[in-house]
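**Q**
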Amino acid sequence: MIALLDRQVVFFGGKGGVGKTTCSAAFALAASRGGKRVLLVSTDPAHSTSDIFERHIGGAERELLPNLWAIEIDADRESARYVKDVKRDIERIFSPAVVRQAHRQIDMAAASPGLAEVALLDRMIDLIVEREQVYDLVVFDTAPTGHTLQLLRMPEAMTTWIHALVKHRRALLEIDQGSGGEPAVPASADPILAALERRHDRLAQLRVRVTDRGCTSFVLVTIPERLAIEETARAAELLGDTNVNIGGLVVNRILPDGLEGEFYASRKAQERSYLEEIARRFPRLRRFDVRQLARDVYGIGSLTLVSDQLMNP
Ligand SMILES: Nc1ncnc2c1ncn2[C@@H]1O[C@H](COP(=O)(O)OP(=O)(O)OP(=O)(O)O)[C@@H](O)[C@H]1O
Ligand SMILES: [Mg+2]
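Position one of the sequence shown corresponds to residue 2 (this note's numbering), numbered consecutively onward.
1. Put A14 into one of helix, strand or coil per three-state DSSP.
2. State the start and end residues of the unbroken alpha helix (DSSP H) segment that holds D258.
3. What's the gap between the Cα of Q206 and the Cα of K21?
4. Is S308 close to chain B, meaning its C-beta is less than 7 Å from at least one C-beta of that chain?
5. Going residue by residue through the stretch 75-99, where are the continuous alpha helix (DSSP H) segments of at least 4 residues, counting only ones entirely within it?
6. How close, in whole Å, do the beta carbons of C216 and R89 come, if the pair is a contact with beta carbons under 8 Å?
7. Per DSSP, what kind of secondary structure is E263 in: helix, strand or coil?
8. Using only the heavy atoms of ligand 1, determine whether one of them is closer than 6 Å to the beta carbon of G17.
9. Taking all protein chains shown into account, do 16 or more other C-beta atoms lie within 10 angstroms of the C-beta of A236, making it buried, or fewer, making it exposed?
10. At a threshold of 6 Å, does P22 count as lining ligand 2 (C-beta to nearest heavy atom)?
11. Sorted by chain position, which residues of the same chain lie with C-beta nearer than 6 Å to E92's C-beta, five sequence neighbours on each side aside?
12. Considering only the alpha carbon of each residue, which of A112, G59, R281 and L260 lies closest to D75?
13. Quick one, are the C-beta atoms of L138 and V39 less than 7 Å apart?
14. Sorry if obvious, but does the Cβ on D45 come closer than 6 Å to a heavy atom of ligand 2?
15. At the level of alpha carbons, what is the spacing between S1 and Y275?
16. Please determine if the stretch 12-27 and the stretch 104-111 are in contact, where contact requires at least 3 C-beta pairs separated by less than 8 Å.
17. Helix, strand or coil: which one does DSSP assign to G182?
18. Helix, strand or coil for G35? Go by DSSP, reduced to three states.
19. Report all residues from its chain with a CB closer than 7 Å to the CB of G182; omit the five preceding and five following residues, and keep chain order.
20. From this set, V140, A112, P225 and D202, which residue's C-alpha is nearest A31's C-alpha?
21. Check whether the stretch 261-269 touches the stretch 43-56, taking contact to mean three or more Cβ pairs, one atom from each stretch, closer than 8 Å.
22. On the DSSP letters alone, give me the boundaries of the beta strand (DSSP E) that F219 sits inside.
23. Determine the direct distance from the alpha carbon of I301 to that of R34, and round the result to whole angstroms.
24. Roughly how many angstroms separate the alpha carbons of L41 and E278, rounded to a whole number?
25. Do A117 and S80 come within 7 Å of each other at the CB atom, strictly closer than that value?
26. Rounding to the nearest angstrom, what Cα-Cα distance links V135 and V251 in this structure?
27. By how many angstroms is the C-alpha of R124 removed from the C-alpha of R203?
28. May I have the straight-line CA-CA distance separating K269 from A295, to the nearest angstrom?
29. Return yes when at least one heavy atom of ligand 1 lies under 6 Å from the C-beta of Q293, else no.
30. Rounded to whole angstroms, what is the Cα-Cα separation between E131 and G17?
31. Apart from the five residues on each side of it in sequence, which residues of its chain come closer than 8 Å, Cβ to Cβ, to R227?
32. State yes or no: is the C-beta of S49 nearer than 6 Å to some heavy atom of ligand 2?
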């Protein structure tokens, strides 16, 4: 995975429980030891990153080790913050009567299921686009695959949407100007247009970065089992459609060699057949095998064991 060390953004994704948090933490640790300034971002509501590093992390960037910072972002908290920001923008621009009406509409919109995703995306944009002067590398430990891929696809949909709004707003301003007399607000000074265009710029920047192969990679994490392999196939296809580079496939929890007994022999035989299947179905992905350790992974010591396997396959 040394090849991924010069990316600026690396996502880890995969089915629930396969080892995303473990692998993203191990990769971030290795990168920070190599001298990169690294931010590890968890969007997983369970916040296992705190458990792995045996330190409370929370919603503000926090230095865990030299060169390694971490933050845990929470969809509920981000949604609340997003709604507050939008309301504040409106208060700055409109009269109290309009504000009351607008707040009611925003509260209604806030209850819709898409808001958490938009709010998370907004925060990811902050971390990717605006923190690039501070960090060399931002590593995302993502929530189970489908959700994250939706997020990565969202800029495209939102760009189209914002584009339409900007056009509509421009047309309105032109009508104003066409009806004789001086325009109330020249297009260049219209606060709504400016806000929409700022938003559009941010999304465009995110999209450029996420689809730039030299900048962003997505690492798929799986285990040699049926359901995880199927989910990996779906994720690989979606990422291909979205034009996001897949930096590699981690096959985690491979059983150690040389044990004995019927149970072990049966597991090992199953594993062999799934490993063959993985090789057959993902021939173009760089593969990183990680062995199942004797204990679960937490603390720097055991994390280093995983990180060594990822970095020196
Ligand atoms: N190679 C390994 N050897 C031993 N235990 C492992 C290994 N990889 C992961 N584990 C353990 O498996 C459990 C799940 O790992 P982890 O939390 O990294 O998965 P996850 O994909 O992030 O899960 P979730 O989808 O719930 O966020 C943890 O208890 C972790 O310590
Ligand atoms: Mg996790």
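We treat Cβ as the ideally placed atom computed from N, Cα and C, and that holds for glycine. Model, not experiment: these values are computed from the prediction.
**A** Let me spell this out:
1. Indexing the sequence shown from 1 puts residue 14 at position 13. At residue 14 the sequence reads Gly, which differs from the Ala that was named. Residue state, collapsed to three classes: strand.
2. Residue 258 sits at position 257 when you count from the first residue of the sequence shown. Element bounds for D258: n/a, residue is neither H nor E.
3. Position 205 of the sequence shown, counting from 1, holds the residue named residue 206. Position 20 of the sequence shown, counting from 1, holds the residue named residue 21. Between Q206 and K21, the C-alpha separation is close to 26 Å.
4. Among the chains in the structure shown there is no chain B, since it carries only a single protein chain.
5. 76-94
6. As a working mapping, residue 216 is identified with position 215 in the sequence shown. As a working mapping, residue 89 is identified with position 88 in the sequence shown. That pair is no contact at about 32 Å.
7. Counting from 1 along the sequence shown, the entry for residue 263 is found at position 262. Reduced to three states, the DSSP call for E263 is helix.
8. As a first step, residue 17 must be located in the sequence shown, where it is residue number 16. True, at least one ligand heavy atom lies under 6 Å from that Cβ.
9. Reading the sequence shown from its first residue, position 235 is the one you call residue 236. Buried is the call here.
10. Position 21 of the sequence shown, counting from 1, holds the residue named residue 22. A quick correction: the sequence has Thr, not Pro, at residue 22. T22: yes, Cβ under 6 Å from ligand 2.
11. Working through the sequence shown from its first residue, we reach residue 92 at position 91. Closer than 6 Å at Cβ, skipping near neighbours: V100.
12. Within the sequence shown, the letter at position 74 stands for residue 75. Per the Cα distances, G59.
13. Translated into the one-based positions of the sequence shown, residue 138 becomes position 137. Translated into the one-based positions of the sequence shown, residue 39 becomes position 38. Yes, these two residues count as a Cβ contact at 7 Å.
14. Your numbering for residue 45 matches position 44 in the sequence shown. Checking every heavy atom of ligand 2 against the Cβ of D45, one is found closer than 6 Å.
15. Absent from the structure is residue 1, since the part of the chain shown begins at 2 and ends at 314.
16. no
17. Position 181 of the sequence shown, counted from the first residue, corresponds to residue 182. The predicted position of G182 is uncertain, since its pLDDT is 49 and thus under 50; a value taken from the coordinates is nonetheless stated next. DSSP places G182 in coil when its eight states are reduced to three.
18. Position 34 of the sequence shown, counting from 1, holds the residue named residue 35. In this structure, G35 counts as coil in the three-state DSSP scheme.
19. The count along the sequence shown starts at 1 and reaches residue 182 at position 181. With a pLDDT of only 49 at G182, under the threshold of 50, the placement of this residue in the model should not be trusted; the figure read from the coordinates follows. For G182, where only same-chain residues beyond five positions count, there are no Cβ hits under 7 Å.
20. Locating residue 31 in the sequence shown gives position 30, counting from the first residue. With distances taken between Cα atoms, A31 lies closest to V140.
21. Between the stretch 261-269 and the stretch 43-56 there are fewer than three inter-stretch CB-CB distances shorter than 8 Å, so the stretches are not counted as touching.
22. Working through the sequence shown from its first residue, we reach residue 219 at position 218. Looking at the DSSP string, the run of the beta strand (DSSP E) that includes F219 is T217 to T223.
23. Taking the first residue of the sequence shown as 1, we reach residue 34 at position 33. Taking the first residue of the sequence shown as 1, we reach residue 301 at position 300. The alpha-carbon atoms of R34 and I301 are separated by roughly 12 Å.
24. Position 40 of the sequence shown holds residue 41. Position 277 of the sequence shown holds residue 278. Near 32 Å, if we compare the C-alpha coordinates of E278 and L41.
25. By one-based count along the sequence shown, residue 80 stands at place 79. By one-based count along the sequence shown, residue 117 stands at place 116. Yes, the pair counts as a contact, with Cβ atoms nearer than the cut-off.
26. Here residue 135 corresponds to residue number 134 of the sequence shown, with the count starting at 1. Here residue 251 corresponds to residue number 250 of the sequence shown, with the count starting at 1. Going from the Cα of V135 to the Cα of V251 covers about 28 Å.
27. Within the sequence shown, the letter at position 202 stands for residue 203. Within the sequence shown, the letter at position 123 stands for residue 124. Roughly 11 Å separates the two Cα atoms.
28. Within the sequence shown, numbered from 1, the residue matching residue 269 stands at position 268. Within the sequence shown, numbered from 1, the residue matching residue 295 stands at position 294. Straight-line Cα distance between these residues: approximately 16 Å.
29. If you number the sequence shown from 1, residue 293 lands on position 292. In this structure, ligand 1 has a non-hydrogen atom nearer than 6 Å to the beta-carbon of Q293.
30. Start at 1 with the first residue of the sequence shown, and residue 131 comes out as number 130. Start at 1 with the first residue of the sequence shown, and residue 17 comes out as number 16. Using only the alpha carbons, I get a separation of about 30 Å.
31. Numbered from its first residue, the sequence shown carries residue 227 at position 226. Closer than 8 Å at Cβ, skipping near neighbours: Y275.
32. For this step, residue 49 is matched to residue 48 along the sequence shown. Yes, ligand 2 has a heavy atom inside 6 Å of this Cβ.
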